[in-house]
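S.K.: Just dropping this structure here.
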Amino acid sequence: MLYNKPDPLEVRILSRRFGMPDSHSIGTYLATDGYKALEKALGMTPEEIINEVKASGLRGRGGAGFPTGLKWSFVPKQSSKPKYIMVNADESEPGTCKDRLLIEYDPHQMIEGILIAGLAVGAQQGYIYIRGEYRYLIDIVDRAIDEAYARGYLGDNILGRGVKFHLSTHSGAGAYECGEESALLESFEGKRGIPRIRPPFPAVAGAYESPTVLNNVETFCSVPAIILNGGAYFAGLGTPKNGGTRLFCLSGHINKPGVYELPMGFNLMRMINEVGGGMRNGKKLKAVIPGGSSCPVLKADECDLAMDFDTLSAAKSMLGSGGVVVMDEDTCMVKAALRIMRFYAHESCGWCIPCREGTAWLRKLLTRFHEGMGQRTDIVLIGELARNMLGRTFCPLGDAAALPTISIVEKFEEEFEAHLNGEPCPYDKSSRLVAA
Amino acid sequence: MTFSPGLEARFENFLAKYPADRKRSAMIPMLIYAQDEVGSMTDELVEEVARRVGVTPLQVNEVLTYYSMLHRKPMGKYHVQICTNISCLLVGGEELWNKASHKLGIGHKEVTADGRVSLEEVECIGACSWAPAIQVNYDFYHDVTMAQLEKLIDGLAAGKRPEEISELVKVNP
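Line order of the protein sequences matches chains A and B.
Going by this note's numbering, the first sequence opens with residue 1, and the numbers climb by one from there.
Going by this note's numbering, the second sequence opens with residue 1001, and the numbers climb by one from there.
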């Protein structure tokens, strides 16, 4: 069952099997060019594979947007330790729900991408770290892995070509922080999900201190299309340095929320008005979170831009994980900032003090503000506190908490002022502070 | 400590996945699957898992307290998890949470007196485009309306199983 209808404006590369009968089965996969990219890659050298991925302009779909081919090239060719492929299926960024679909509808596409990554760096073992809440997906992937073993696509002698690769799932147990690469590796090793200082990066010392390629689900899912059709073809789908398509997750106050595969660089206003069917109930657009809750918000008049990594970066935001959260004129931005901060305060692992204390204090300040108990000086204090977290933590969670807060305070200061003087939230008639 | 044959087979499979000197990697998967059967992170379970992966019970305790899905106390037979994070918040997730909490008279990570239903206000569960979304145990429910939520809560409290509540159907296979 598809969770939302496809849109005619979509360019369905990664999602082309979505909606096909038994799209998750190896039968459907093989009938639609499945594992042909692997067969092609088996005839290529590791350098050729990496060069093809570099030529595709593929950048990490988890959020950071690091060039995938370059990341793979950092893995040392000679290693006394085994090398690993690690799949980040810990999708937890608020606003993001795409990896769930890629796994549910087409697990073999991901497996094929993992196998090709293994060939590219000389790894013989992969693990798929799936968030604990996605239990049903673990079952789907386990079945797909069994099918791949049975057909000779996984094992000690893949397709009789003398190549070995083994793959397993691994369950998380509830922690946003474990979507961060080094915390994921700690968690994978059976520890608390606390980030590691880098360098060394995972390409040199990742899982079990061994060279490790760690990418998001969607990144691996892009690889078969790149190898089969060529890097140039994939690059041509997007904008310069931003190859391919990606799955955008539209949510919030729009008529047709859903996950849609669109070319990189697709215009955000068209995404909202055409793909997303426009604003609900004829309301006006107020703000958009362009790529998951860690990204600075865009005001309505900043949204006429191309959705690629470089354009969003130039607009002082981020393309992030593809979670486009649309907010209408009735949204209280103080409340939005508060809810996002509650999330980061809950998910901060506590390792770095600026993040642990900063998120907790910002949550308290924003709560007080939203309940009408804020003071004018708090507006400055919120921004100052958030700015002091930037760049002072081992992992990006501190920045992820600070950046949207800074942007909301800067861009919607008048909404903070409207909460002053003991007034409860002007947007939320039901919210009244209950005196203890 | 003894487990069902199904869980034992799963444990064996987990322990075989990782290099022989890295059995500790199996700890978190073992704990979360054991929770379905044991109910919570009991001292007995902690000691057993510690023994099997070759660490101390203290090391298991120090890890399990980090993860929000590993419960120190048993949750209800039906653990209702309501997302109120940003995408769900915008379309009524918070109202669903408040309604469920008021109806059952319990709060976050609390259980009804009969042990049937527990509630948790959860962070993003990956259903943002089909918000507001909830999970009951491991099943997903999308685009949940207030009327559907009330039927679900009333039904579960009255002794029904989720699949007997026709107003709300799980979306995952």
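Every residue, glycine too, gets a C-beta built ideally from N, C-alpha and C.
All values reported here derive from a predicted model rather than from experimental measurement.
Under the rule that 16 or more other beta-carbon atoms within 10 Å means buried, what is A/Thr331, buried or exposed?
M.R.: Taking the first sequence and counting its residues from 1, one reaches residue 331 of chain A at position 331. A/Thr331 should be labelled buried.
S.K.: Could you name each continuous alpha helix (DSSP H) segment of 4 residues or more that falls completely within the region 1061–1108 of chain B, going from the start of the chain to the end?
M.R.: Qualifying alpha helix (DSSP H) stretches, in chain order: 1086–1090, 1093–1104.
S.K.: Determine the contact status of A/Gly95 and A/Gly323, defining contact as a CB-CB distance below 7 Å.
M.R.: Taking the first residue of the first sequence as position 1, residue 95 of chain A is located at position 95. Taking the first residue of the first sequence as position 1, residue 323 of chain A is located at position 323. Yes, the pair counts as a contact, with Cβ atoms nearer than the cut-off.
S.K.: Mind checking A/Ala120: buried by the 16 CB within 10 Å criterion, or exposed?
M.R.: Along the first sequence, one-based indexing puts residue 120 of chain A at 120. Buried.
S.K.: Could you check whether the region 286–298 of chain A touches the region 311–323 of chain A, counting it as contact only if at least three pairs of C-beta atoms, one from each stretch, sit closer than 8 Å?
M.R.: Yes, since at least three Cβ pairs between the region 286–298 of chain A and the region 311–323 of chain A fall closer than 8 Å, the two stretches touch.
S.K.: Which residues of the region 301–332 of chain A have a Cβ closer than 9 Å to any Cβ of chain B? Give them in chain order.
M.R.: Residues Gly323, Val325, Val326, Met327, Asp328, Thr331.
S.K.: May I ask which residues mark the beginning and end of the alpha helix (DSSP H) holding B/Ser1040?
M.R.: Residue numbering aside, residue 1040 of chain B sits at position 40 when the second sequence is read from its first letter. Element bounds for B/Ser1040: n/a, residue is neither H nor E.
S.K.: Could you tell me the distance, in whole angstroms, from the CA atom of A/His108 to the CA atom of A/Lys40?
M.R.: Reading the first sequence from its first residue, position 108 is the one you call residue 108 of chain A. Reading the first sequence from its first residue, position 40 is the one you call residue 40 of chain A. Near 16 Å, if we compare the C-alpha coordinates of A/Lys40 and A/His108.
S.K.: From the beta carbon of B/Met1027, is the nearest beta carbon of chain A less than 7 Å away?
M.R.: In the second sequence, counting from the first residue as 1, residue 1027 of chain B sits at position 27. Cβ-Cβ to chain A under 7 Å: yes for B/Met1027.
S.K.: By Cβ distance below 8 Å, which residues in the same chain neighbour A/Arg432 in space, the five residues on each side in sequence not counted?
M.R.: On the first sequence, position 432 is the one that residue 432 of chain A refers to. Any reading at A/Arg432 must be qualified, since the residue scores a pLDDT of 47, below 50, and its modelled position is unreliable; no value is offered.
S.K.: Between A/Ala173 and chain B, is any beta-carbon pair separated by less than 7 Å?
M.R.: Numbered from its first residue, the first sequence carries residue 173 of chain A at position 173. With 7 Å as the cut-off, A/Ala173 counts as an interface residue toward chain B.
S.K.: Measuring only between beta-carbons, confirm whether A/Arg432 sits less than 7 Å from chain B.
M.R.: Sequence index remark: in the first sequence, residue 432 of chain A carries index 432 (1-based). Confidence at A/Arg432 is low in this model, with a pLDDT of 47, below 50, so the placement of that residue should be treated as unreliable; the coordinate-derived value is given next. So no, A/Arg432 is outside the interface.
S.K.: Are any of the Cβ atoms in chain B nearer than 7 Å to that of A/Phe18?
M.R.: For this step, residue 18 of chain A is matched to residue 18 along the first sequence. False, the Cβ-Cβ gap to chain B never drops below 7 Å.
S.K.: Just to check my reading of the structure: A/Leu58 and A/Gly69 have Cβ atoms closer than 8 Å, yes? What is that Cβ distance to the nearest angstrom?
M.R.: Residue numbering aside, residue 58 of chain A sits at position 58 when the first sequence is read from its first letter. Residue numbering aside, residue 69 of chain A sits at position 69 when the first sequence is read from its first letter. About 7 Å; that satisfies the 8 Å criterion.
S.K.: Under the assumption that A/Phe165 contacts A/Gly126 (Cβ atoms under 8 Å), give the Cβ distance between them as a whole number of angstroms.
M.R.: Within the first sequence, residue 165 of chain A is the residue found at index 165, counting from 1. Within the first sequence, residue 126 of chain A is the residue found at index 126, counting from 1. Yes, A/Phe165 and A/Gly126 are in contact; Cβ-Cβ is about 7 Å, under 8 Å.
S.K.: Mind checking whether A/Val334 and A/Phe369 have CB atoms under 7 Å apart?
M.R.: In the first sequence, residue 334 of chain A corresponds to position 334, counting from 1. In the first sequence, residue 369 of chain A corresponds to position 369, counting from 1. Yes, the pair counts as a contact, with Cβ atoms nearer than the cut-off.
S.K.: Mind checking if A/Ala436 is an interface residue toward chain B, Cβ cutoff 7 Å exclusive?
M.R.: Locating residue 436 of chain A in the first sequence gives position 436, counting from the first residue. Residue placement at A/Ala436 is flagged as unreliable, the pLDDT there being 36, under the threshold of 50; the coordinate-derived value follows with that caveat. Not one chain B Cβ lies under 7 Å of A/Ala436.
S.K.: Could you have a look at A/Lys284 and say whether DSSP puts it in helix, strand or coil?
M.R.: Counted from its first residue, the first sequence places residue 284 of chain A at position 284. Looking at A/Lys284 - three-state DSSP - the assignment turns out to be coil, as it is neither helix nor strand.
S.K.: Among A/Ser15, A/Phe74, A/Thr45, which residue has its Cα nearest to the Cα of A/Thr32?
M.R.: To locate residue 32 of chain A, count along the first sequence from 1; it is residue 32. Answer by Cα proximity: A/Ser15.
S.K.: Under a three-way DSSP split, which group does A/Asp328 fall into?
M.R.: For the purposes of this step, residue 328 of chain A is identified with residue 328 of the first sequence, where counting begins at 1. In the structure shown, A/Asp328 sits in a strand (DSSP, three-state: E or B).
S.K.: What residues from chain B crowd round A/Cys340, counting only those whose CB sits closer than 7 Å?
M.R.: Here the question's residue 340 of chain A lines up with position 340 in the first sequence. This sequence places Ile at residue 340 of chain A; Cys is not what is there. Within 7 Å Cβ-Cβ: Ile1086.
S.K.: Decide if A/Gly160 is buried, meaning its Cβ has at least 16 other Cβ atoms within 10 Å, or exposed.
M.R.: Reading the first sequence from its first residue, position 160 is the one you call residue 160 of chain A. So A/Gly160 counts as exposed.
S.K.: For B/Ala1009, which residues in chain A fall below 9 Å Cβ to Cβ?
M.R.: Here residue 1009 of chain B corresponds to residue number 9 of the second sequence, with the count starting at 1. Going along chain A, no residue has its Cβ under 9 Å from B/Ala1009, so there is no contact; the nearest lies around 13 Å.
S.K.: What does the alpha-carbon distance come out to for the pair B/Gly1159 and B/Arg1116?
M.R.: Counting from one through the second sequence, the residue named residue 1159 of chain B turns up at place 159. Counting from one through the second sequence, the residue named residue 1116 of chain B turns up at place 116. Roughly 8 Å between the two C-alpha positions.
S.K.: Quick one: which residues of the region 2–17 of chain A get their C-beta closer than 9 Å to a C-beta of chain B? List them in chain order.
M.R.: So the list reads Tyr3, Asn4, given in the order they occur along the chain.
S.K.: Cβ closer than 8 Å: which chain A residues qualify as neighbours of B/Lys1160?
M.R.: On the second sequence, residue 1160 of chain B is found 160 positions in, with the first residue counted as 1. Simply none; closest approach about 22 Å.
S.K.: So, does the CB of B/Ala1113 fall closer than 7 Å to a CB anywhere in chain A?
M.R.: Position 113 of the second sequence, counting from 1, holds the residue named residue 1113 of chain B. B/Ala1113 does not count as touching chain A.
S.K.: Going by other Cβ atoms of all chains shown within 10 Å of its Cβ, with 16 needed for buried, is A/Gly374 buried or exposed?
M.R.: Looking up residue 374 of chain A in the first sequence gives position 374. Burial call: buried.
S.K.: Could you please give the first and the last residue of the uninterrupted beta strand (DSSP E) stretch that includes A/Phe248?
M.R.: As a working note, residue 248 of chain A is residue 248 in the first sequence. Looking at the DSSP string, the run of the beta strand (DSSP E) that includes A/Phe248 is 245–252.
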